[in-house]
DNA sequence: TGGAATTGATAAACCGGTATAGCTCCCGAA
DNA sequence: TTCGGGAGCTATACCGGTTTATCAATTCCA
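The structure is reproduced here in structure tokens:
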């Protein structure tokens, strides 16, 4: 028989549907002997619950969603999301909860997706990335009463659950490392200005500058694209008092920056040190290989999944979990200034 | 009222549940006036169908699945999947069908996922990538009676629906281009040997060699990783009669190969021409920028989604749709041999 | 020993839709 | 005038689970 139902099992076992349901879900109401018998029959018939049927009765669908609002063009290159996804899945697979992934163009579309998911009961909760300042998604999700966890940014005033790493400390460790090498003119090619993590990193650079005796430490924002990363690098390196070190907020921009430096005849690390705030295979493929800040992105995803499941189970408590600190991996692109 | 049901609408409109269902689904059974009235009320109450309820009655869940069986480590770098995903989604969004994405370690795990999805009725169909020779997934899916479409490889003897591009012609165009430049010693760093597209590309190179008067045209297989791409390049460039041109089956391997060449003091394109069989931002970030074969991956995904939906609607007919031919984008990494 | 509490099970309602049988009008044709 | 038939709608079964009310049989305790 294809796709048996609990009614089939009940018939075969000579009991009622209810008894079968109790047995399969390990809840009281049947004797151990009967439970044993029912389980064996279910196993034999290779029964599996019909997800829709279960979702209709109990009101959970055993599925969570994740929407990424970035143009697909800038998305693919970064291993970040692939690692994050794998991590999220490993965190979900234990409970055999499935993941719905959606890539959309902008935040408006993303919010639209949340509304649809909520009204169609398609997901039990969602995972948020790229939190911005005064992010409209936070209020929206609260209004929809959709459990959520924010990746990489504290939920802020107890709003949403979150999983985060200390961006500030990480950025400080980079700047301090460069300062210790002797650099005094450090530039920071930052990401999208309204992302919270961008702001935190910019603030970290600004705060550290006087303490470390930096002559100049401008943070220049971009849209995270290789094109803008390259353009800003060109501008920086054309200045009369050009920086001796540049910190990039993503590995892709760092690679683009390296290309510009080579093109302009600026030797790396001789004339310019380069650090990427995010590690991946990309940075290792380059010549010279790039010094980069490594985060355990997989673990990040895994923990986000865990926190989300806890939040779904108990929407009352808001979890803010801090993950392992990122580590600076020194490679060939950094050296003392000439 | 939160989350209204059709019963709520029925009450408000003073009609029965059935009438509401007819009206909302645009089927006969209600007058135009009544339909109008019901639609307006549904709109006012911002009603949306409960996906589980709908899935239970009609037996479709309006959701399709895609499993990628590659270690996450090698996955992220390639923009290929991100573009493919976006394309798939754009093809699905028209019918507001959702996508379940899963990244697993190997084919065994992938098949396990299909079994689960089938028995739990979680998806209406699946999209297959990376078809291998004698792929076990084909028989499995047939046994599960799960509609499927294969991306980038003809389904083979009418088995599964497919969306494919002509790998053979594409590879021929690359080799012919290099031969026209004057290259006679061309190497091919191929991908995983048991992938069907790998075999097709290898065969194309082998068949073209004598016709174009190539002295040597070895195809060397890899696991698609940057590490193996680099290792094989090192070996090739160490030979006494080293190739004057290398074709790589992926952009990541081409980038790794370029790195090795630079490291060994082999100038590109002076001493060595490099072509990547797959384009992305990566190839453009390099110096020199890599000549690469561009495929419209987004469109590929979109068409796969369309074909899958047609297959789900009518499982009888097997569609084999050929997509636009790939185009060779010539950049700085190719030139006549020294 | 009788009544209360517990155990093991059943029948039936329910979740929110879809599908179908059937009922009531109303119109036109014989 | 009557009957057939279609339009418009209702009532109800159904999908495959979960959950609750109910009930009989047993155990417990005073």
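Residue numbers (my numbering), protein chains in the order written: chain A, 61 to 398; chain B, 61 to 398.
Note that the Cβ used here is the ideal one computed from N, Cα and C, for glycine as well.
Note that the segment 142 to 155 of chain A does not touch the segment 309 to 327 of chain A; fewer than 3 beta-carbon pairs, one per stretch, sit closer than 8 Å. Residue 186 of chain A is outside the set of residues whose beta carbon lies under 8 Å from a beta carbon in chain B. Between residue 307 of chain B and residue 262 of chain B, the C-beta gap is not smaller than 8 Å, which leaves the two residues out of contact. Residue 228 of chain B and residue 195 of chain B have their C-alpha atoms some 20 Å from each other. Those residues of the segment 166 to 190 of chain A placed with their C-beta closer than 8 Å to a C-beta in chain B are 176, 179, 180, 181, 182, ordered along the chain. Minimum Cα-Cα distance from residue 74 of chain A among the listed residues A/198, A/98, A/88 corresponds to A/98.
A distance of 8 Å or more separates the beta carbons of residue 90 of chain B and residue 184 of chain B.
Any Cβ of chain A closer than 8 Å to the Cβ of residue 159 of chain B would place that residue at the interface, and such an atom is present. Ranked by how close their Cα comes to the Cα of residue 298 of chain B, the residues B/373, B/332, B/270 have B/332 in first place. The C-beta distance from residue 337 of chain B to residue 309 of chain B rounds to 5 Å, short enough to meet the 8 Å contact threshold.
The beta carbon of residue 362 of chain A sits closer than 8 Å to those of 147, 148, 150, 151, all from its chain and outside the five residues before and after it, given in chain order.
Of the candidates B/200, B/110, B/180, B/211, the residue whose Cα lies closest to the Cα of residue 382 of chain B is B/211. Under the 8 Å criterion on CB atoms, residue 109 of chain B is classed as interfacial with respect to chain A. The CB of residue 319 of chain A comes closer than 8 Å to the CB of 345, 346, 347 in chain B, given here in chain order. When rounded, the separation of the alpha-carbon atoms in residue 114 of chain B and residue 94 of chain A is 34 Å. Burial check for residue 193 of chain B: the Cβ neighbour count within 10 Å stays below 16, so the residue is exposed.
At least one CB of chain B lies nearer than 8 Å to the CB of residue 341 of chain A. For residue 392 of chain B, no Cβ of chain A is located within less than 8 Å of the residue's own Cβ.
For residue 104 of chain B, the uninterrupted alpha helix (DSSP H) run begins and ends at 92 to 104, by DSSP. For residue 163 of chain B, the C-beta contacts it makes with chain A under 8 Å involve 142, 145, 146, 149, in order along the chain.
In the DSSP assignment, residue 258 of chain A falls within the alpha helix (DSSP H) that extends over 256 to 272.
At least one CB atom of chain A sits nearer than 8 Å to the CB of residue 113 of chain B. A buried status is given to residue 366 of chain A, since no fewer than 16 other beta-carbon atoms sit within 10 Å of its beta-carbon. Shown here, residue 389 of chain A sits in a strand according to DSSP, grouped into three states.
By the Cβ neighbour-count rule, residue 300 of chain B is exposed, with fewer than 16 other Cβ atoms within 10 Å of its own. Taking CB atoms only, residue 294 of chain A has no neighbour in chain B less than 8 Å away. Residue 180 of chain A counts as buried, since no fewer than 16 other beta carbons sit within 10 angstroms of its beta carbon. In the DSSP assignment, residue 130 of chain A falls outside any beta strand (DSSP E), carrying neither H nor E. Comparing alpha-carbon positions, the option among A/356, A/357, A/354, A/335 lying closest to residue 348 of chain A turns out to be A/335. At a Cβ-Cβ threshold of 8 Å, residue 164 of chain A and residue 170 of chain A count as neighbours.
Between residue 328 of chain B and chain A, the shortest Cβ-Cβ separation is not below 8 Å. In terms of beta-carbon proximity, residue 73 of chain A stays away from the interface with chain B, with every pair separated by 8 Å or more.
Of the candidates B/244, B/279, B/252, B/244 places its Cα closest to the Cα of residue 396 of chain B.
Taking a Cβ-Cβ threshold of 8 Å, none of the residues of chain B is close to residue 302 of chain A; the smallest such distance is about 20 Å.
Runs of the beta strand (DSSP E) lying entirely within the segment 177 to 217 of chain B, each at least 3 residues long, are 185 to 188, 208 to 211 in chain order. When beta bridges are read from the DSSP output, residue 126 of chain B appears opposite B/161, B/187.
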